[in-house]
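Counting in our numbering, the sequence shown runs from 11 upward without gaps.
Even glycine gets a Cβ: it sits at the ideal position worked out from N, Cα and C.
It should be emphasised that the depicted structure is a prediction, and the values quoted were computed from it without experimental measurement.
Here the structure comes first, spelled out in structure tokens, and everything after it is commentary.
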Amino acid sequence: EWIEGLASPALDPHLTAIMALLGPQVITWHAHSPDRYGLSREQRAETLSAPPRIAELVGPAARAVGVTPPVVFITPERQARLIHVNLAVAGRYQPALAAGKVALEIANEGVLRFMLGRKLTYMRAEHLLCTEVDGPEDLLGLHLAAAGLLRPGLLPPPGAVVAGRRRDRAEALLREYLSNRARAQALGRALDAAGDRVDAHRWATWLAATEETSFRCGLLLADDLPAAFSILEMDDVKPGNDRESELCYNALYRFFVSPGFGRLRRRLTALEEMSVDRA
């Protein structure tokens with residue numbers, strides 16, 4: 011449903027499958043303790059006597075997006091809205107958000123929900139790596155490395171660095187991860203489905219589509235087109251997709267008035283009401 015109803019039409023499902031399988035593992039390579047990011051326990055929202063509204067919205071938004079609610083740090087000293095932080099807890103990835111001064115000054119809940127939808131999209135398994143890569147070449151290198159292990163000879167070898175690691179080290183980590191037969195079989199099927207026509211351009215298109223997907227998710231949570239546009243105007247962001255070159259404003263408007271948007275909103279509203287009833 012995420013791919014068919016919410017995601018950008020240009021979000022290649024085969025590349026998405028590869029990232030969904032590799033994302034949770036590879037993101038751990040880039041996760042660090044809070045102090046590495048200049049964050050402390052005293053900044054965590056749950057330690058505050060009066061957490062800001064954005065912190066209260068994170069849990070419901072995370073459930074709607076389908077991710078574990080992230081740890082929220084309140085950091086008014088940062089000139090920013092929301093920063094996605096990759097924390098390491100017991101050697102594994104834990105998602106976190108740092109809310110900066112700009113976010114804390116926003117009172118419009120539609121804008122806050124739109125911001126959260128965008129950020130939380132990148133905490134889904136299939137989008138995690140987008141928060142760490144420098145560009146499509148990084149994702150292509152990871153793709154080539156995985157193919158080299160599971161489908162030798164199918165694609166050319168990767169470069170000297172794979173996802174921020176020396177190639178031999180990255181391959182060793184991938185080999186260990188793929189020692190699990192079920193994982194290896196699933197990733198092998200995803201690689202087969204993606205085929206041998208893969209290059210940086212195809213990954214660049216996918217990256218652009220993940221950005222548009224995050225806008226669509228933000229709009230779904232906000233149910234407020236002007237709120238979405240206000241953020242886009244602040245950022246001057248105009249992503250298109252693989253088939254057309256319309257501005258993101260037009261893409262969001264088409265999504266907003268589509269039957270699919272209405273269906274997803276009704277589904278989301280029903281889930282929210284069910285959650286309230288259970289509480």
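Would you report the Cα separation of residue i and residue j, rounded to the nearest angstrom?
| i | j | result |
| --- | --- | --- |
| Arg243 | Ala194 | Reading off the sequence shown, one finds Glu at residue 243, where the question assumed Arg. C-alpha separation (whole angstroms): 43 Å. |
| His24 | Leu201 | 8 Å |
| Leu197 | Leu165 | 15 Å |
| Pro168 | His94 | 28 Å |
| Pro80 | Leu159 | 33 Å |
| Glu142 | Asp178 | 20 Å |
| Trp213 | Arg207 | 11 Å |
| Leu154 | Ile28 | 11 Å |
| Leu217 | Arg51 | 33 Å |
| Asn298 | Ala180 | The structure shown does not extend to residue 298, since the chain is modelled only from 11 through 289, so no value can be given for it. |
| Glu186 | Glu282 | 40 Å |
Would residue i and residue j qualify as a contact pair, given that the criterion is a beta-carbon distance under 8 Å?
| i | j | result |
| --- | --- | --- |
| Val68 | Val82 | yes |
| Arg88 | Gly110 | yes |
| Ala219 | Ala20 | yes |
| Cys227 | Leu58 | no |
| Ile64 | Ala113 | yes |
| Tyr103 | Thr38 | yes |
| Ala135 | Gly151 | no |
| Ala71 | Leu130 | yes |
| Leu32 | Ala156 | yes |
| Asp234 | Gly120 | yes |
| Ser43 | Ala100 | no |
| Ser224 | Tyr132 | yes |
| Glu222 | Ala261 | yes |
So, at 7 Å on beta carbons, what are the nonlocal neighbours of residue i in its own chain, with the 5 sequence-adjacent residues on each side left out?
| i | result |
| --- | --- |
| Asn118 | Ala237 |
| Leu278 | Ala74 and Leu230 |
| Ala210 | Pro146, Glu147 and Leu150 |
| Val36 | Leu139, Leu152 and Ala173 |
| Arg91 | Gly110, Val112, Ala113 and Met125 |
| Leu274 | Gly15, Leu16 and Leu230 |
| Ile116 | Leu122 |
Taking DSSP as the reference, what is the three-state secondary structure of residue i?
| i | result |
| --- | --- |
| Ile13 | helix |
| Asn190 | coil |
| Arg54 | strand |
| Val171 | strand |
| Arg226 | helix |
| Arg177 | helix |
| Ala280 | helix |
Please go through the same chain and pick out, in chain order, the residues whose beta-carbon is closer than 6 Å to the beta-carbon of residue i, but skip the five residues on each side of it.
| i | result |
| --- | --- |
| Phe271 | Phe265 |
| Gly48 | none |
| Ala108 | Phe83, Thr85, Ile93 and Val95 |
| Asp252 | Any reading at Asp252 is ruled out, since the residue's pLDDT is 40, under 50, leaving its predicted position unreliable. |
Can you tell me whether residue i sits near the ligand COA, meaning its C-beta is under 7 Å from at least one heavy atom of the ligand?
| i | result |
| --- | --- |
| Arg273 | This structure lacks the ligand COA, and indeed carries no ligand of any kind. |
Taking 8 Å as the limit between beta carbons, can you name the residues of its chain near residue i, skipping five residues before and five after?
| i | result |
| --- | --- |
| Phe124 | Gly228, Leu229, Leu231, Ala232, Asp234, Ala237, Ala238 and Ile241 |
| Gly205 | His24 |
| Arg175 | Trp39 and Leu183 |
| alpha helix (DSSP H) runs wholly inside the stretch 65 to 137, at least 4 long, in chain order | 111 to 114 and 119 to 131
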